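Visitor: Handing you this structure, nothing more for now.
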Amino acid sequence: MELSDGFFRFSLCVLLLLIAGFSGEEHRSGRIVGGRNADIKDHPHMLLLRKNGYAVCSAVVIGDKYALTAAHCVYTLSNPKKLSLHGGSTTQTGTSVDFSVERVVVHPKYTDSTNDNDIAIIEISTEFSGHPNVAPIALQNTETNGSSSYSAVCNTTGWGISNSRTNAVSNTLQVGTLQLIAPRTCRLQWHPIAITASMICARGESADTCAGDSGGPLVCEQHLYGIVSWGSTRCDKTKPAVFTKIFANSVRSFIKLNTGI
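In structure tokens, the structure reads:
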């Protein structure tokens, strides 16, 4: 869904348009552009979120029964039973472990118009533990984790369009390397669109996040720093990608309250 000029919410609904042959420049988007092939063994926290059997977003394992995704992926959903999570496979079509969804909790202060507090919790009916290549990632709790807040080199992962010029779809999990950007710099580059306290920004020299990465992870220093939220319609590095900041007070307290993690 396009929210305004230069402002794009990452969603696989756009990927469906691309598959159908839509190729307008304003809407061209993908998942990891300029990334490289990844192995799920190196990213066992990575999940594919499906609705009625169709991929809609990504999600991230954070505990035995809990995963995180972007609120905009699920906030209109009336029946969580329509969702399922798939993990343990490097490819979209490979053999995966399927998990039924029991409950979805959207951040109570999520704002659709601005993507403030763009995060939701997914609780599954069973447990993630005990399955090959499915494991939780530790959450980042503070601004620093043994290094300067914005010096960390990070990565983000996803499936989907890997070439913004050809709209080529990758069946294989992609990973891109990103650098965190200080809030002031991000605010200046996105002005007049608001960068709120619940957001964190990152940019790569050769990779960017795009549609379909929604709900996917921003991993820095082996900790989950962010959840993919929104970015540029151009699906390139002209502007930073924006993530929901895990260690923002409003976000971290929401996760703790609803999961105990």
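The sequence shown lines up with residues -24 to -1, 1 to 237 when you count with mature numbering (1 follows the signal peptide of the UniProt record, and there is no 0).
Where a beta carbon is used, it is the ideal one built from N, C-alpha and C, also for glycine.
Quick caveat, the model's predicted, so the values are computed rather than measured.
(1) Taking the C-alpha atoms as reference points, what is the distance between A31 and T220?
(2) Kindly indicate the opening and closing residues of the alpha helix (DSSP H) around I231.
(3) Which partner residues does C49 have in the DSSP bridge list?
(4) Under a three-way DSSP split, which group does D189 fall into?
(5) I'd like to know if the segment 62 to 81 and the segment 103 to 120 are in contact, where contact means that at least 3 CB-CB pairs between them fall below 8 Å.
(6) Among A43, N91, R163 and I95, which has the Cα closest to the Cα of F75?
(7) Helix, strand or coil: which one does DSSP assign to K221?
(8) Nearest by alpha-carbon distance to T118: which of C33, N28 and H199 is it?
(9) What does a CB cutoff of less than 6 Å around I113 pick up in its chain, not counting 5 residues either side in sequence?
(10) Hey, L154 and T133 are a contact pair by Cβ (cut 8 Å); roughly how many whole angstroms apart?
(11) For R79 and D94, I'd like the C-alpha separation in whole angstroms.
Guide: Considering the structure as presented:
(1) Our two residues, A31 and T220, have alpha carbons roughly 21 Å apart in a direct line.
(2) Start and end: N225 to T235.
(3) Looking at the DSSP assignment, C49 forms no beta bridge with any residue, so it has no partner.
(4) The DSSP-derived three-state label of D189 is coil.
(5) Touching, yes, given that three or more Cβ pairs across the two stretches are closer than 8 Å.
(6) The alpha carbon of F75 has as its nearest neighbour, out of A43, N91, R163 and I95, the alpha carbon of A43.
(7) Strand.
(8) The shortest Cα separation from T118 among C33, N28 and H199 belongs to H199.
(9) Counting only Cβ-Cβ distances below 6 Å, and skipping sequence neighbours, we find H21 and L200.
(10) Incorrect: roughly 11 Å between the Cβ atoms, too far for contact.
(11) Within the model, the alpha-carbon separation for R79 versus D94 is close to 17 Å.
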